[in-house]
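**Student:** Following this message is one structure expressed as structure tokens.
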Amino acid sequence: MFRIEPNLIKAIALVESNLKKDSIGKNRDKNNNIKSLDYWLMQINQMHIPLLKKRGIIKDERDLLDNPCLNIKIGTEILYNHFSRCGVTWQCLRTYNAGFAMDNQKKRQQYAPKYILYIPGLMN
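When you number the sequence shown by the UniProt record's numbering, it's gap-free, plus one each residue, and the end is 124.
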């Protein structure tokens, strides 16, 4: 469907959630206030929830925690949309975690090296 290397998806899930059941990531601002939440395997950010509900894909956030296949499919679709927007490049891959905002450049730079080691054959 999305034609993205399965090992890349697995690597993202490992780095994002360490495959830990029901993991919820908390994104904080400079004052340590929670500004958004990320859900389970692929750490789907809550910003996607209104559209996922509108499309009838989920009823609420709990669906992202209860259905691993759905979580992975949604995360893969988000990654696919990023690649469609900016190309299949390391820079674009970094936007999966840190988004496109200009002030997130440093965070994007730190992201990709975290999962390179999880992708078999990438460093050979």
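Positions of the beta carbon are idealized from the N, C-alpha and C atoms, including for glycine. Predicted model, so just to flag it, every value in this text is computed and none were measured.
(1) Within the continuous alpha helix (DSSP H) that includes Lys-24, where are the two ends?
(2) So Tyr-80 and Glu-61 are supposed to be a Cβ contact under 8 Å. How far apart are they, rounded?
(3) Mind listing, in chain order, the continuous alpha helix (DSSP H) runs of no fewer than 4 residues lying wholly within the UniProt domain "Transglycosylase SLT" (2–116)?
(4) Leaving out five residues before and five after Asp-22 in sequence, what residues of the same chain have Cβ atoms less than 7 Å from its Cβ?
(5) Count the other CB atoms within 10 Å of the CB of Ser-84; is the residue buried (16 or more) or exposed (fewer)?
**Tutor:** A quick look at the data gives this:
(1) Sequence inspection shows Ile at residue 24; the Lys mentioned does not correspond to that position. For Ile-24, no alpha helix (DSSP H) encloses it; the enclosing beta strand (DSSP E) starts and ends at 24–28.
(2) A Cβ-Cβ separation of about 22 Å leaves Tyr-80 out of contact with Glu-61 under the 8 Å criterion.
(3) Listed in chain order, they are 6–17, 49–54, 62–66, 68–86, 90–98, 105–111 and 113–116.
(4) Correct list, in chain order: Trp-40 and Leu-65.
(5) Counting other Cβ atoms within 10 Å of its Cβ, Ser-84 stays below 16 and is therefore classed as exposed.
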